[in-house]
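Listed in order, the protein sequences are those of chains A and B. To get this note's numbering, take the position in the first sequence, counting from 1, and add 1. To get this note's numbering, take the position in the second sequence, counting from 1, and add 5. Just so you know, even glycine gets a beta-carbon here, dropped at the ideal spot from N, CA and C. The next block holds one structure in the form of structure tokens; read it before the comments.
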Amino acid sequence: MANGRTSLRLPEPPSVRLARLALERLPATRDDDLRRLLPGVEPERRLDDWGRSERIEGLMDRTLYEFFYRYWFRCEVEGIENVPASGGALLVSNHSGALPPDAAMIAKALREEHPRPRELNITVEHFFKGFPGFSMLIPKIGCVAAHPANVQRLLHDEEKLVLVFPEGRKGTEKLYRNRYRLRRFGRGGFVEAAMRAGVPVVPVCVVGAEEAMPVFAQMGALQRLTGLLYFPITPTFPHLGPLGMLGYLPAKFKIRFLEPIHFEGDNPHEDKAQVQTWAHEIRARIQDNLYEMVARRRSVWFG
Amino acid sequence: MNSKRILITGLSTYWGGRLAQALEERDEVEAIVGVDSEDPRVELERAEFVRVGTQHALLRRIVEAASIDTVVDSRLVVDSATTSPKLAHENNVIGTMNILAACSGPSSTVRKLVFKSSSHYYGCEQDDPAFFTESMVRPHAPRTPIERDILEAEAAVAEFAEKNPETSVSLLRFSNVLGPDVRTSHTTLFSLPVVPMILGFDPRYMFVHEDDVVSALEHMVAHDLPGIYNVAGDGVLAFTEVCGLLGKTYAPILPPWGTGLALAPLRRLGLRVPPEMLGQLRFGRGLDNRKLKATGFEYRHTSRETVLRFGEHLRLHPVVRGVREPYRYEREVEEFLRWSPSVRRGAEGLEPLSPHQFTELERLLRAYADRAGVEEPPVPEPRPPVPEPEPPEPEPVAAEPEPPPGPPVAEYDDLEAEEILSLLSSLDAPDLDAILGYERAHRARPTVVRALEGLLARQRAGAPR
């Protein structure tokens, strides 16, 4: 992405004169109308409109995710009932590991443990859309670019689950010595997105991902050379080549879903003070739970 | 339907022609005038064609003369492979400016403008949303000449809408069009035996069927729907999916870096990939089409069905190629068919302006012109040179009187300005002169006088009518 930042805050619509003039004359379209007019599902298709491929996702799910979830990370999940069984919800999680395994594990947990297994849409940096290879694969396994309009459509119009990492790359590029210390939570755009869509926020805490792929250093020069988001030094990367990206250490994973947070009032997202307050509150809740989970953990590898 | 007298700019583009044909079917449409710099490519029954320069500088006269109430601009060039950048700029920016100028002004009769634009307005960038809505603007400056032109043209339309609040302005942004008859860079690309793509990218594509494009334009003419609307069939396809539906193999032969350079050898081989298509091949684009659907418009094809129809055409094309003669426009033939009294026209319409009555009116005017011509020069002429047409058939409606061979001055006075205007184009200079003299001396309606002067000036200058 050009300026290297991703925000879920919708930019103020610039004065599109024609659109405004038209708005004055036509009756406003209601939200329900737009929801009703979503394109129907064509059963013959292998991809959905977001580019998600059930075939490729299912293949990954049965092989790679299954192996990591069950045998490698031995994921332990609590509070899965906090994820609503229907309607949109925004999952907000901490983020770590150079090639973060946390998103895939949260998605797998929802499929495995939730009484009503639901698809999860994972928001990723725009960078992935522009990098050859990633650009092809990323949408097929259920990732969408973290654009406010995408999140709004998924949460509000399509009523789906969306996972967002407000720390973004600041979370995954942080070094091992800073583990479990949350970075800044963006500019509060995720709270605004959830408020605008009228959906609850479910905070998620993941313990174990920091140790699964510790980052010892960042090579700025190599990052610029390869055009990647960052170029980390991990136990297996870069000396084992690109496959070293998957060289996770077998840390024990614990995933905790916290109580959903519902926002009240009409158009709460317009109150910037409230948005910031909630952003801080959610960050604090995740941070507190992380500290508690780490404190109770006896062993990094056995939990 | 408020639109009765419609001007279509870009009549010779595929869309202009198709729209004119569709509007001809509607009885409530009184007049369809099409302008373009080239001959029309489809057969038209009652739509009239006027040739103008690419800049459309004289359009205002046509708008006034025909008291046009609706202008449909289908002329925008959105594919730079079809013409040179300079001509495209001339057409897209200067042409749009002149067309808008012809529609504006306090005395303008235009009440509605429908403008055909393209989803190239949004561009294709890395940080695009998955679905563009109409209120979004492109996040980055345009990179290609065509995109710049489209932005400029749309800005001019927006300004026009602001300055003419009583005019309803509808702007349609179409996604890529596929269909058996339309030719674009994408149809060329998908016609190749092996479809090239950029290594490591699987862009998003939405298509709209050519029939849906015409229906969307017609929908805008039939209803007053000011605003911007995206037009794209339901469903976003991936490029590989499109190739699969067409039954084509795809080859990721274009490198992700330096793609523009790698296209040079392909250009040698005859494949022109215009610069604005490169962005689409890399990132693609999705549109939110729900706003148009909310106005009651129904697509007949989803993106997938559009691609399937196109695939059928690609398989059938080698078999039926050359069977159907392409239509060739010839002015004399068209005029004969439209105006000659010898042409037997089908069922008598009951409208006051049926083709039959047009001929009657024309005869009336000509007869009057001859008489007026008699009065001015002292040389008397016993008979009007127009041969007496076939004995008047039983009048379908009593709206028009039986044309007597005597002085039809009274009838001329009864004629409405627009009725006269619609007939002027079939008269020649002396007749026009005579009518002009009479009109000046009597009612001196400005519209009629101006139309007459314009026609005369053009005929004297020897310009083709």
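For residue 298 of chain B, the residues of chain A that pass the 8 Å Cβ criterion are 38, in the order they occur in the chain. Taking residue 286 of chain B as reference, the option from B/456, B/147, B/20, B/181 with the minimal CA-CA separation is B/181. Taking 3 residues as the minimum length, the beta strand (DSSP E) runs contained wholly in the region 71–135 of chain B are 75–78, 117–123, in order along the chain.
Beta-bridge analysis with DSSP links residue 144 of chain A to A/123. Within its own chain, the residues whose Cβ lies closer than 8 Å to the Cβ of residue 132 of chain A, once the five positions on either side in sequence are excluded, are 228, 229, listed in chain order. The C-beta separation of residue 195 of chain B from residue 308 of chain B comes to about 13 Å, leaving the pair out of contact by the 8 Å criterion. With at least 16 other beta carbons inside 10 angstroms of its own, residue 253 of chain A counts as buried. Between the region 65–81 of chain B and the region 14–28 of chain B, the count of Cβ pairs shorter than 8 Å is three or higher; the stretches touch. Among the residues facing chain A, residue 285 of chain B is not included, as its CB has no counterpart in that chain under 7 Å away.
Here residue 338 of chain B is exposed: its Cβ has fewer than 16 other Cβ atoms, across all protein chains shown, within 10 Å. With respect to the C-alpha of residue 205 of chain A, the residue from A/81, A/149, A/75, A/66 having the closest C-alpha is A/81.
For residue 255 of chain A, the enclosing beta strand (DSSP E) covers residues 255–258.
Interface residue (Cβ-Cβ distance to chain A less than 7 Å): residue 165 of chain B is not classified as such. For the set B/268, B/310, B/128, B/31, the Cα lying nearest the Cα of residue 226 of chain B is the one of B/31. Look at residue 200 of chain A here: in three-state DSSP terms it is coil, with no helix or strand label. Here the alpha carbon of residue 79 of chain A sits roughly 59 Å from the alpha carbon of residue 270 of chain B. Boundaries for residue 45 of chain A: no alpha helix (DSSP H) harbours it, and the DSSP string shows neither H nor E there. Taking the Cα positions, residue 164 of chain A is about 14 Å away from residue 256 of chain A. Note on geometry: alpha-carbon atoms of residue 233 of chain A and residue 212 of chain A lie some 14 Å from one another. In terms of CA proximity to residue 289 of chain B, A/51 leads the group A/294, A/51, A/65. The bridge partners DSSP lists for residue 10 of chain B are B/36. Bridge partners of residue 90 of chain A according to DSSP: A/162. Burial check for residue 168 of chain B: the Cβ neighbour count within 10 Å stays below 16, so the residue is exposed. Contact check for residue 34 of chain B and residue 11 of chain B: beta-carbon distance about 6 Å, within the 8 Å limit, so the pair qualifies.
Collapsing the DSSP output to three states places residue 158 of chain B in a helix. Taking CB atoms only, residue 143 of chain A has no neighbour in chain B less than 7 Å away. Within the region 200–220 of chain B, those residues whose Cβ lies closer than 8 Å to any Cβ of chain A are, in chain order, 203, 204, 205, 206, 207, 209.
Within the model, the alpha-carbon separation for residue 59 of chain A versus residue 54 of chain B is close to 59 Å. Taking C-beta atoms as the reference points, residue 155 of chain A and residue 298 of chain B fail to come closer than 7 Å. Between residue 222 of chain B and residue 312 of chain B, the CB-CB gap reaches or exceeds 7 Å.
Taking a contact as a CB-CB distance under 8 Å, the pair residue 371 of chain B and residue 438 of chain B does not count as one, their CB atoms being some 13 Å apart. Annotated as proximal: residue 200 of chain A and residue 91 of chain A, with beta-carbon spacing under 7 Å. Under the three-state reduction of DSSP output, residue 305 of chain B falls in the coil class, being neither helix nor strand. Nearest to residue 375 of chain B by C-alpha distance, out of B/202, B/258, B/341, B/434, is B/434. In this structure, the beta-carbon distance from residue 244 of chain B to residue 185 of chain B does not fall below 7 Å. When B/42, B/198, B/71 are compared, the shortest CA-CA separation from residue 36 of chain B is found for B/71.
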